[in-house]
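Take a look at the structure below.
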Amino acid sequence: MNSEACKMENPEIVKLDPPKRLYKFMRFDKDGYWMDTLKKFRLFMSNPLEFNDPFEGGIISFFPRVAGISISTALGQLHPILKDCLSNFKTVCFSETCRSKSMWAYYADNYKGFCLEFAVTDTFKYIRNVNYVQDNIRYIPEYIEDEEHISRSLRNALLFKSEDWEKEKEWRIIRDIKEYEEVDMKINESHEYFIYAKHQELQYFDYHKEDLISIILGPRIDKDLEYYVLGFARRHGILVKHAYTIPLSSTIEFYEEGNKPQGDGSNVERFLIKGM
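All residue numbers for the sequence shown refer to this note's numbering, where the first residue is -19 and numbers rise by one.
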């Protein structure tokens, strides 16, 4: 690592006003999370240590004052105590765009999945934008001992990612499970099963049906799955849209269910949704 090329600074979080709409890309996974998401109107919150970016939580400007910290930092790794703290966090991620080719390919299973279009209501009041920073920044270390400070600093660290991910235009809701459990232990029955059940509930982000503007189906969706989603949407009065790829202009557009572009000589623009 060329230390001379590194900039020493502690980044500040830039907090943006959320957009009017946010999107969640999904795949039809074999475990059935997609069905749970639709039927129970909730999204599974993942642990940052399980994300596809192994650098999650690494953009930090502090270190716990504990034995072995110098060994971990010399290796360029997070100390086990920090990893343990990160394991207490649950995160659900959204994007402010539904036109990303790479996100349709990766998060929606090579265009075979779907995308949920949400209106940003009070349900999303804790949503925060991700800040994208240069990879060559190295931070001025601050040694801290307070557990609450560590938790708060790690939460902030989860709002930073490398500029390599900037095109995802990501927004996150971050939840500290341990924080909720400690409150429950104080005000509720400190029963092991109660805490376990509460912990399970906290792994999901609940939304209201009214928050869901539409379900956008990928252009390569399996016909049986498409039939199921259309039936579900019809029963619940939810709008269905379809993603439509246009190779000649290298764009992704959208049309409403029942208005698929026809090969009758009409301009494709006649069928597409304006303003998405």
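A virtual CB, placed ideally from N, CA and C, is assigned to each residue, including glycine.
Under a three-way DSSP split, which group does T17 fall into? Here residue 17 refers to the residue found at position 37 of the sequence shown. In this structure, T17 counts as helix in the three-state DSSP scheme.
Give the single residue among L29, P241, A223 and T231 whose Cα lies nearest to the Cα of C95. Position 115 of the sequence shown, counting from 1, holds the residue named residue 95. The shortest CA-to-CA distance from C95 to any of L29, P241, A223 and T231 is the one to A223.
Distance between R215 and D9 (C-alpha atoms, nearest Å): For this step, residue 9 is matched to residue 29 along the sequence shown. For this step, residue 215 is matched to residue 235 along the sequence shown. If you take the alpha carbons of D9 and R215, they lie about 23 Å apart.
For the ligand HEM, is there a heavy atom less than 7 Å away from the beta-carbon of I153? Of the ligands one can find in the structure shown there are none, so the ligand HEM has no counterpart to examine.
With a threshold of 16 other CB atoms inside 10 Å of the CB of T17, please say whether the residue is buried or exposed. Position 37 of the sequence shown holds residue 17. T17 comes out buried.
Going by the beta-carbon positions, is the gap between F69 and N109 smaller than 8 Å? On the sequence shown, residue 69 is found 89 positions in, with the first residue counted as 1. On the sequence shown, residue 109 is found 129 positions in, with the first residue counted as 1. Contact flag unset, no.
Pairwise C-alpha distance: P241 and N247: Here the question's residue 247 lines up with position 267 in the sequence shown. Here the question's residue 241 lines up with position 261 in the sequence shown. Taking the straight line joining both Cα atoms gives about 9 Å.
What residues in its chain sit with their C-beta under 7 Å from that of L66, if we drop five residues either side in the sequence? In the sequence shown, counting from the first residue as 1, residue 66 sits at position 86. Counting only Cβ-Cβ distances below 7 Å, and skipping sequence neighbours, we find P28, L29, G37 and L134.
So for L139, helix, strand or coil by DSSP? In the sequence shown, counting from the first residue as 1, residue 139 sits at position 159. Three-state result, L139: coil.
What separation, rounded to the nearest whole angstrom, lies between the Cα atoms of T77 and D64? Your numbering for residue 77 matches position 97 in the sequence shown. Your numbering for residue 64 matches position 84 in the sequence shown. Each residue's alpha carbon lies about 33 Å from the other.
Just how far apart, CA to CA, sit G211 and D204? As a first step, residue 211 must be located in the sequence shown, where it is residue number 231. As a first step, residue 204 must be located in the sequence shown, where it is residue number 224. G211 and D204: Cα-Cα distance of roughly 11 Å.
First through last residue of the alpha helix (DSSP H) which encompasses E206: The residue you call residue 206 lines up with position 226 of the sequence shown. Boundaries of the alpha helix (DSSP H) harbouring E206: K203 to H216, taken from the DSSP string.
Would you call G12 buried or exposed, if buried means 16 or more other Cβ atoms sit within 10 Å of its Cβ? The residue labelled residue 12 in the question sits at position 32 within the sequence shown. Taking a 10 Å sphere around the C-beta of G12, we find fewer than 16 other C-beta atoms and assign the residue as exposed.
Which class does F104 belong to by DSSP, given the choice of helix, strand or coil? As a working note, residue 104 is residue 124 in the sequence shown. If DSSP states are grouped into helix, strand and coil, F104 belongs with the helices.
Taking M83 as part of the alpha helix (DSSP H), name the residues at either end of that continuous run. Counting from 1 along the sequence shown, the entry for residue 83 is found at position 103. Segment K81 to Y86, the alpha helix (DSSP H) holding M83.
Whole angstroms are fine: how far does the CA of I107 sit from the CA of I157? Translated into the one-based positions of the sequence shown, residue 157 becomes position 177. Translated into the one-based positions of the sequence shown, residue 107 becomes position 127. Between I157 and I107, the C-alpha separation is close to 17 Å.
Who are the near neighbours of K0 in its chain, counting only those whose CB is closer than 8 Å to its CB and skipping five residues on each side? For the purposes of this step, residue 0 is taken as residue 20 along the sequence shown, with counting starting at 1. Within the same chain, K0 has close Cβ partners A99 and V100.
Same chain, Cβ closer than 8 Å to N239, neighbours up to 5 away in sequence not counted: The residue you call residue 239 lines up with position 259 of the sequence shown. If we look at N239 and ignore the five residues flanking it on each side, its Cβ neighbours are F251.
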